[in-house]
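J.: Sharing a structure below in structure tokens format, with a few things to ask.
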Amino acid sequence: MNLFRKLKRRPRRIFRVALPLVVAAASVMILVLPAQAVNSGYLLQEQIQEYSGEVNFCGEAALLATANFRSWALSNTYNNPCSLTSNTWSSPAGYLGVNAYGEFNGSYCGQTGWAYNASSTYNFGVGEVMCSGKGCGVFTTAAGQAFWNYYADEYYGGYETSPSQNYCT
Amino acid sequence: MLVKRRIIGHGPRASSSKRRVLLFAASLIGACAVAGGLVASTAGSSPVTFGRIPASAQTATGMDWSLLPDYVSTVGPGGVVVGYVAKQALEDSLQPAHLTGPLNGGSYSELTVLPVYNRQLQQVGNMYPNVGYVPLGDPAPTEQQMTPTTMVDGGANGNN
Chain A
-12 MNLFRKLKRR PRRIFRVALP LVVAAASVMI LVLPAQAVNS GYLLQEQIQE YSGEVNFCGE
48 AALLATANFR SWALSNTYNN PCSLTSNTWS SPAGYLGVNA YGEFNGSYCG QTGWAYNASS
108 TYNFGVGEVM CSGKGCGVFT TAAGQAFWNY YADEYYGGYE TSPSQNYCT
Chain B
2 MLVKRRIIGH GPRASSSKRR VLLFAASLIG ACAVAGGLVA STAGSSPVTF GRIPASAQTA
62 TGMDWSLLPD YVSTVGPGGV VVGYVAKQAL EDSLQPAHLT GPLNGGSYSE LTVLPVYNRQ
122 LQQVGNMYPN VGYVPLGDPA PTEQQMTPTT MVDGGANGNN
């Protein structure tokens, strides 16, 4: 009779001990998992007739671990318009502008401010860890770009958002 | 008898009928006010909306601004909502069209200082680039503090 009771109790005891252990292990695994970087990929935003011919301007919104918000601008001539390696076009100083803003759980949490290339380049970016100390939640980058139009004498804009990512900051 | 009637006329029945008249007048005024408010709200501006950026507003090619409330919730230290920034100001801060150029490189962070309001639309602070929320009355950050530390000529590696 006693043996039967013991056998009946054991599963309960195991359950009591094992369940918190399983929960604790799962929590540790979640915390240990490396925070991932995500980006929108380069997206074609503007095709502008510059002094040298038609130029493709692309932009990208990126989110690096942890809560590092980035905006990229890329200039490229024909074919494969958003390639980082082929047909790149060196934009003169001030032709590429970038700005990134951050969201935390659907709320605005800051932006880098506009930055412009000081020397000629085909790929220019700005980034900042801006929204740290907010706790755990969903982060997203919204990125803006400025592309100088030589003949229109004004900037044209680009805009993308990154996928969302869970971080603890 | 007449005296009695007079006495009755100042009695509890008379006061209850006066109360009824007052109640009726008050309810009439209230109804008029409600009706007037409804007419004004339907004919004029719609109520100002406050809230978060819905996940559905984030699309692969950018933000669908039409889905955002008029005032977007803004977080300060610790992830606490400290107030709201105007949607239009937020959208404008990401549009370079108002700038004349080409600019000679560097940072133009001062263009993205956004006022933060409470629900009564009274300004309670500002969101500064790279710094975040600063309540009204606290010293504004320096230009150096507002300048992004990472400005990169990405070359072929500029994809993250």
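Here the protein sequences come in this chain order: A and B.
With this note's numbering applied, the first sequence closes on residue 156, and no number is skipped along the way.
With this note's numbering applied, the second sequence closes on residue 161, and no number is skipped along the way.
From the three backbone atoms N, C-alpha and C, an ideal C-beta is built for every residue, glycine too.
Going along chain B in order, which residues have a C-beta closer than 7 Å to the C-beta of Glu115 of chain A?
T.: Asn131, Pro149, Thr150, Thr151
J.: Just to confirm, does Trp59 of chain A get its C-beta within under 7 Å of one of the non-hydrogen atoms of the ligand MN?
T.: What this structure holds is no ligand at all, so the ligand MN is not there to describe.
J.: Enumerate in chain order the residues of its own chain whose CB-to-CB distance from Trp66 of chain B is below 6 Å, with the five nearest sequence positions on each side excluded.
T.: Glu92
J.: I want to see whether chain B comes within less than 8 Å of Trp135 of chain A, judged by CB atoms only; does it?
T.: yes
J.: Which residue marks the beginning of the alpha helix (DSSP H) containing Asp93 of chain B, and which one marks its end?
T.: 88 to 94
J.: Can you look up Met147 of chain B in the DSSP assignment and give me helix, strand or coil?
T.: helix
J.: Give me the Cβ distance between Gln98 of chain A and Asn86 of chain A, rounded to the nearest whole Å; I'm assuming they're in contact under 8 Å.
T.: Yes, Gln98 of chain A and Asn86 of chain A are in contact; Cβ-Cβ is about 6 Å, under 8 Å.
J.: Work out the CA separation of Ala22 of chain A and Gly89 of chain A for me, nearest whole Å.
T.: Distance between the alpha carbons of Gly89 of chain A and Ala22 of chain A: 16 Å.
J.: Where does Thr99 of chain A sit, in a helix, a strand or coil, going by DSSP?
T.: For Thr99 of chain A, the secondary structure class from DSSP, reduced to helix, strand or coil, is coil.
J.: Could you tell me which chain B residues have their CB closer than 8 Å to the CB of Glu33 of chain A, listed as they occur along the chain?
T.: What Glu33 of chain A touches in chain B: nothing, since even the nearest Cβ is about 11 Å away.
J.: Any C-beta of chain B sitting closer than 8 Å to the C-beta of Glu41 of chain A?
T.: no
J.: Taking buried to mean at least 16 other C-beta atoms within 10 Å of its own C-beta, is Ala141 of chain B buried or exposed?
T.: exposed
J.: At 4 residues or longer, what runs of the alpha helix (DSSP H) sit wholly inside the stretch 29 to 98 of chain A?
T.: none
J.: Verify the CB distance criterion: does Leu120 of chain B have a CB-CB separation below 8 Å to chain A?
T.: Residue identity differs from the one stated: residue 120 of chain B is Arg in this sequence, not Leu. Not an interface residue.
J.: Strictly under 8 Å for the Cβ-Cβ distance: is Cys64 of chain A near chain B by that measure?
T.: Strictly speaking, residue 64 of chain A in this sequence is Thr, with Cys absent from that position. No - not a single Cβ of chain B is within 8 Å of the one on Thr64 of chain A.
J.: Taking the C-alpha atoms as reference points, what is the distance between Val153 of chain B and Cys123 of chain A?
T.: For Val153 of chain B and Cys123 of chain A, the distance between alpha carbons rounds to 28 Å.
J.: Relative to the C-alpha of Tyr85 of chain B, which candidate in B:Val135, B:Gly155, B:Thr60, B:Leu112 has its C-alpha closest?
T.: Of B:Val135, B:Gly155, B:Thr60, B:Leu112, the residue nearest in Cα terms is B:Val135.
J.: Can you tell me whether Cys155 of chain A is buried or exposed, with buried defined as 16 or more other CB within 10 angstroms of its CB?
T.: Around the C-beta of Cys155 of chain A, fewer than 16 other C-beta atoms lie within 10 Å, and the residue is accordingly described as exposed.
J.: Taking C-beta to C-beta, are Gln32 of chain A and Glu41 of chain A nearer than 8 Å?
T.: no
J.: State the DSSP-derived secondary structure class of Thr50 of chain B, mapped to helix, strand or coil.
T.: coil
J.: Can you have a look at Cys33 of chain B and say buried or exposed, based on whether 16 or more other CB atoms are within 10 angstroms of its CB?
T.: Here the model assigns Cys33 of chain B a pLDDT of 43, short of 50, so the residue's position is not dependable, and the following value carries that caveat. Counting the other Cβ atoms within 10 Å of the Cβ of Cys33 of chain B gives fewer than 16, which makes it exposed.
J.: Alpha carbon to alpha carbon, how far is Tyr38 of chain A from Asn92 of chain A? Give it in angstroms, no decimals.
T.: 44 Å
J.: Quick check: is the beta carbon of Phe44 of chain A nearer than 8 Å to any beta carbon in chain B?
T.: no
J.: Could you tell me the boundaries of the beta strand (DSSP E) in which Leu115 of chain B lies?
T.: 115 to 118
J.: If you follow the beta strand (DSSP E) that Met128 of chain B is part of, which residue opens it and which one closes it?
T.: 124 to 129
J.: Compute the Euclidean distance between the alpha carbons of Tyr137 of chain A and Gly126 of chain B, then round it to the nearest angstrom.
T.: 38 Å
J.: Give me whichever residues DSSP pairs with Trp210 of chain A in a beta bridge.
T.: The question about residue 210 of chain A has no answer here: the residues shown for chain A are numbered -12 through 156.
J.: Have a look at Phe44 of chain A and Val49 of chain B and give me their C-alpha separation to the nearest angstrom.
T.: 37 Å
J.: Does the distance from the C-beta atom of Ala24 of chain A to that of Val116 of chain A stay below 8 Å?
T.: no
J.: Chain A partners of Gly155 of chain B, CB-CB under 7 Å?
T.: Trp59, Asn110, Phe111, Gly112
J.: Let me make sure I understand the geometry here. Which of B:Gln96, B:Ala58, B:Thr101, B:Gln124 has the alpha-carbon closest to that of Thr127 of chain A?
T.: B:Ala58
J.: Is the separation between the beta-carbon of Asn26 of chain A and that of Ala60 of chain A shorter than 8 Å?
T.: no
J.: Apply the 10 Å Cβ neighbour rule to Tyr142 of chain A and answer buried if 16 or more other Cβ atoms are within range, or exposed otherwise.
T.: buried
J.: Could you work out which residue in A:Gly131, A:Ser119, A:Tyr146 is closest to Gly80 of chain B when comparing CA atoms only?
T.: If we check each option's Cα against that of Gly80 of chain B, A:Ser119 comes out closest.
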